[in-house]
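Student: Residue numbers (full-length UniProt numbering): 1 to 606. We put the beta carbon where it would ideally sit given N, CA and C, even for glycine.
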DNA sequence: ATAGGGTTAG
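1. Using a Cβ distance threshold of 8 angstroms, determine whether the segment 576-589 contacts the segment 476-496, with at least three qualifying pairs required.
2. Would you kindly report the start and end of the unbroken beta strand (DSSP E) that includes residue 483?
3. So, with DSSP's three-state summary, where would you put residue 601?
4. Look up residue 351 in the DSSP assignment and give the residues it is bridged to.
5. Suppose you measure from the CA of residue 332 to the CA of residue 159; what does that come to, to the nearest Å?
6. Can you find the residues in the same chain that come closer than 6 angstroms, C-beta to C-beta, to residue 591, ignoring five residues on each side of it along the sequence?
7. What residues in its chain sit with their C-beta under 7 angstroms from that of residue 314, if we drop five residues either side in the sequence?
8. In angstroms, rounded to a whole number, what distance separates the CA positions of residue 140 and residue 99?
9. With DSSP as the reference, please indicate the residues paired to residue 588 in a beta bridge.
10. How is residue 186 classed by DSSP in three states: helix, strand or coil?
11. Should residue 561 go down as buried or exposed, given a rule of 16 or more other Cβ atoms within 10 Å for buried?
12. With a cut-off of 8 angstroms, do at least 3 Cβ pairs link the segment 241-259 to the segment 473-489?
13. Using CA atoms only, rank isn't needed, just tell me which of 534, 334 and 544 is closest to residue 485.
14. Measure how close the beta-carbons of residue 405 and residue 378 come, nearest whole angstrom, since I'm counting them as under 8 angstroms.
15. Let me know the secondary structure DSSP gives residue 607 once reduced to three states.
16. I think residue 568 touches residue 535, with their Cβ atoms under 8 angstroms apart; what is that distance to the nearest whole Å?
17. Of all the alpha helix (DSSP H) runs that stay within the bounds of the segment 188-242, which reach a length of 4 or more residues?
18. Expressed to the nearest angstrom, what Euclidean distance is found between the alpha-carbon atoms of residue 502 and residue 239?
19. Does the beta-carbon distance from residue 51 to residue 80 come in below 9 angstroms?
20. Look up residue 596 in the DSSP assignment and say whether it is helix, strand or coil.
21. If you run the structure through DSSP and keep just helix, strand and coil, what is residue 479?
22. Rounded to whole angstroms, what is the Cα-Cα separation between residue 399 and residue 411?
23. With 16 as the cutoff for other CB atoms within 10 Å, does residue 303 come out buried or exposed?
24. What are the residues that DSSP puts in a beta bridge with residue 474?
25. Please classify residue 395: does DSSP put it in a helix, a strand, or coil?
26. So what's residue 162 in DSSP terms, helix, strand or just coil?
27. So which of 161, 464, 212 and 173 has the shortest CA-CA distance to residue 194?
28. Could you give the DSSP three-state label for residue 21: helix, strand or coil?
29. Please report the straight-line C-alpha distance between residue 307 and residue 53, rounded to a whole angstrom.
30. Excluding the 5 residues preceding and the 5 following residue 271 in the sequence, name in chain order all residues of the same chain whose CB lies nearer than 8 angstroms to its CB.
31. Starting from residue 143 and walking both ways along the alpha helix (DSSP H), at which residues does that stretch end?
32. Helix, strand or coil, according to DSSP, for residue 536 in the structure here?
33. Okay, do the segment 170-184 and the segment 127-141 touch, 3+ Cβ pairs below 8 angstroms being the bar?
34. Look at residue 115 and residue 74 and say whether their C-beta atoms are less than 9 angstroms apart.
35. When the Cα atoms are used, what is the spatial distance from residue 222 to residue 192?
36. My understanding is that residue 539 touches residue 473, with C-beta atoms under 8 angstroms, so please give their C-beta distance in whole angstroms.
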């Protein structure tokens with residue numbers, strides 16, 4: 001069964017490595033000459049040379065003719081990622097059974113040799129054997145890893161062609177593959193078709209929903225899963241925690257957290273890190289930090305997550321402290337850690353610290369700056385008014401420039417009212433993303449701030465011409481575990497009358513304290529009176545007024561805005577926090593701005 | 001004997 005070349009090759013290797021035959025497993029083998037009993041344990045804990053020795057021995061004893069043993073040795077090679085030896089052995093096996101194929105294909109997959117994995121799978125199909133339940137998940141997983149949706153669909157059709165019903169392992173692999181390729185409809189189809197769903201199938205579907213931007217559905221699925229009597233494990237919980245993190249709703253985070261405590265899941269690195277991320281993104285930076293401090297093991301990801309969390313909550317110096325603590329613990333930062341630290345610096349206005357870090361990140365930490373790091377530094381320069389330096393940095397870098405980079409520059413232009421540079425940034429930005437309404441709005445706001453109404457009109461014309469619609473700005477707030485959503489001028493809320501009353505009352509007090517409404521904002525084709533009305537009923541203001549009505553005194557008011565908070569609202573909120581003695585936490589995108597006693601935790605950049 | 005699900009930025 002085994003070709004003689006393979007035999008010779010192995011014997012050669014065998015004799016070259018004769019010095020280390022004293023390990024228990026091997027001597028045991030030498031005595032008994034019966035590898036079946038312990039070969040599998042040998043595979044798992046010994047090194048490659050022992051596999052070679054066993055291989056040599058079974059060739060000598062001709063036990064290699066036993067397909068069971070040949071397959072075992074094959075698996076041993078792939079386990080240790082010795083693919084060349086595995087392939088040589090594999091090609092010598094003339095009577096390959098599904099196990100042999102599956103192990104060889106899985107071996108390539110494990111070693112990230114995707115091309116050979118595909119090729120061998122194709123050979124398998126052509127060999128006349130039909131692919132089995134064990135091989136398909138492996139190849140489907142490869143499609144997932146390299147996001148090869150085309151091949152993934154082919155494999156899906158193979159499943160049907162051979163008349164498989166959606167066996168759980170295959171189906172779970174398919175759902176996951178589709179999800180990672182962002183094909184949520186197909187993922188859901190496979191999931192719905194499954195005759196039986198186990199914990200893994202539910203878990204991948206929960207992950208799929210989160211991945212494709214529907215965390216609410218993910219949490220619903222989790223409830224459904226439990227209703228069907230499936231008990232989650234830690235991996236399932238990580239997916240649920242991620243869903244909750246993405247949703248960003250604090251009371252959901254609390255429910256998930258309570259459940260994890262109730263089920264007494266211990267916090268390993270991954271679950272702990274996911275929890276930090278969830279609490280931070282749902283607004284509780286304090287709880288996030290508590291989890292972090294409580295964790296018994298932390299890796300670079302846990303540290304990066306916590307550093308980033310302090311960063312987007314406007315706590316730049318805490319982020320920096322943590323970064324140094326991390327270094328003291330002997331953990332090497334990676335590129336993401338450095339993005340997090342630089343981001344923290346730019347959001348808190350720690351210009352010197354940020355620039356210092358950037359300048360020595362390569363030699364000190366061995367991380368080569370990529371476009372994300374440059375973006376943070378452009379932000380850093382930009383916010384501190386050093387627009388020329390920001391531009392020079394962009395011009396001098398020889399990395400592909402992306403939307404984020406130009407966006408940071410455009411944002412900086414808005415803060416400092418640099419129209420000329422804004423036009424330059426916007427030009428590059430619109431070239432990369434001509435359909436993104438946000439860029440047009442930002443540019444037109446910059447023109448408006450400079451009083452260049454002709455240019456404002458031009459941008460508007462451009463938008464109309466290209467059929468680009470402005471996205472409405474929404475703000476929402478959680479009160480009594482319910483989400484209340486507001487848009488500008490909103491009158492649909494049941495308590496609308498009280499809200500406007502409260503707002504009017506509030507505005508009088510704020511104006512006495514020094515708040516001046518800023519009418520200098522863009523609204524097209526609207527007369528002054530209406531414009532003023534809309535100014536007084538920004539979605540943020542409505543949500544905050546409702547928050548003042550609906551939440552107990554002394555508790556923070558937390559609102560989320562889908563777009564960036566405008567300058568007028570920023571000033572408004574500062575005064576609200578001063579007058580009412582309430583902490584106001586505003587989240588826009590993934591940034592949190594904590595307002596307390598008339599000040600904002602983040603560096604002002606409106 | 002071999003197979004499917006887990007953490008960070010943007």
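Tutor: According to the structure shown:
1. With a cut-off of 8 angstroms, the segment 476-496 and the segment 576-589 do not count as touching, because too few Cβ pairs lie within range.
2. Counting from one through the first chain, the residue named residue 483 turns up at place 483. Looking at the DSSP string, the run of the beta strand (DSSP E) that includes residue 483 is 482-487.
3. As a working note, residue 601 is residue 601 in the first chain. The answer is coil: DSSP assigns residue 601 none of H, G, I, E or B.
4. Taking the first chain and counting its residues from 1, the one referred to as residue 351 is at position 351. Answer is none; residue 351 lacks a bridge partner.
5. Counting from 1 along the first chain, the entry for residue 332 is found at position 332. Counting from 1 along the first chain, the entry for residue 159 is found at position 159. Cα to Cα, the separation comes out at about 45 angstroms.
6. The residue given as residue 591 occupies position 591 in the first chain. Apart from sequence neighbours up to five positions away, the residues of its chain that approach residue 591 with a beta-carbon distance below 6 angstroms are 312, ordered along the chain.
7. The sequence position of residue 314 within the first chain is 314, counting from 1. Around residue 314, the same chain offers 347, 348, 592, 593, 594, 601 and 602 as residues with beta carbons nearer than 7 angstroms, after the five sequence neighbours per side are excluded.
8. Position 140 of the first chain, counted from the start, is the residue given in the question as residue 140. Position 99 of the first chain, counted from the start, is the residue given in the question as residue 99. Answer to the nearest angstrom: the Cα atoms are 17 angstroms apart.
9. Numbered from 1 along the first chain, position 588 holds the residue referred to as residue 588. In DSSP, residue 588 forms a bridge with 561 and 591.
10. For the purposes of this step, residue 186 is identified with residue 186 of the first chain, where counting begins at 1. Residue state, collapsed to three classes: helix.
11. In the first chain, the residue the question calls residue 561 occupies position 561. With 16 or more other Cβ atoms inside 10 Å of its own Cβ, residue 561 counts as buried.
12. They touch, by the three-pair rule.
13. Position 485 of the first chain holds residue 485. Looking at the Cα atoms, 544 is the closest of the given residues.
14. One-based indexing of the first chain puts residue 405 at position 405. One-based indexing of the first chain puts residue 378 at position 378. Confirmed, about 6 angstroms.
15. Outside the modelled stretch of the chain, which goes from 1 to 606, sits residue 607, for which no answer is possible.
16. Taking the first residue of the first chain as position 1, residue 568 is located at position 568. Taking the first residue of the first chain as position 1, residue 535 is located at position 535. With a contact defined as Cβ atoms closer than 8 angstroms, residue 568 and residue 535 qualify at about 7 angstroms.
17. List check, alpha helix (DSSP H) in window: 199-211 and 215-227.
18. Residue 502 sits at position 502 when you count from the first residue of the first chain. Residue 239 sits at position 239 when you count from the first residue of the first chain. Taking the straight line joining both Cα atoms gives about 41 angstroms.
19. Position 51 of the first chain holds residue 51. Position 80 of the first chain holds residue 80. A contact, by the Cβ cut-off of 9 angstroms.
20. Residue mapping note: residue 596 aligns to position 596 of the first chain, counting from 1. Strand, per DSSP.
21. Here residue 479 is taken as the residue at index 479 of the first chain, counted from 1. Three-state DSSP puts residue 479 in a strand.
22. In the first chain, residue 399 corresponds to position 399, counting from 1. In the first chain, residue 411 corresponds to position 411, counting from 1. If I take the Cα positions, the gap works out to 21 angstroms.
23. Reading the first chain from its first residue, position 303 is the one you call residue 303. With 16 or more other Cβ atoms within 10 Å, it is buried.
24. In the first chain, the residue the question calls residue 474 occupies position 474. Answer is 487, bridged to residue 474.
25. As a working mapping, residue 395 is identified with position 395 in the first chain. Helix at residue 395.
26. Numbered from 1 along the first chain, position 162 holds the residue referred to as residue 162. Here residue 162 sits in coil by DSSP.
27. Position 194 of the first chain, counted from the first residue, corresponds to residue 194. Selected option, being the one with the closest Cα: 173.
28. Here residue 21 refers to the residue found at position 21 of the first chain. A caution first: residue 21 carries a pLDDT of 34, below 50, which makes its placement in the model unreliable, though a value can still be read off. In this structure, residue 21 counts as coil in the three-state DSSP scheme.
29. For the purposes of this step, residue 307 is identified with residue 307 of the first chain, where counting begins at 1. For the purposes of this step, residue 53 is identified with residue 53 of the first chain, where counting begins at 1. About 49 angstroms.
30. In the first chain, residue 271 corresponds to position 271, counting from 1. 234, 237, 238, 241, 260 and 265.
31. In the first chain, the residue the question calls residue 143 occupies position 143. Under the DSSP assignment, residue 143 falls in the alpha helix (DSSP H) whose first and last residues are 135-145.
32. Working through the first chain from its first residue, we reach residue 536 at position 536. Shown here, residue 536 sits in coil according to DSSP, grouped into three states, outside any helix or strand.
33. Inter-segment contact for the segment 170-184 and the segment 127-141 is present: three or more beta-carbon pairs are separated by less than 8 angstroms.
34. If you number the first chain from 1, residue 115 lands on position 115. If you number the first chain from 1, residue 74 lands on position 74. No.
35. Within the first chain, the letter at position 222 stands for residue 222. Within the first chain, the letter at position 192 stands for residue 192. Roughly 15 angstroms between the two C-alpha positions.
36. Indexing the first chain from 1 puts residue 539 at position 539. Indexing the first chain from 1 puts residue 473 at position 473. Between residue 539 and residue 473 the beta-carbon gap is near 6 angstroms, inside 8 angstroms, which marks them as a contact.
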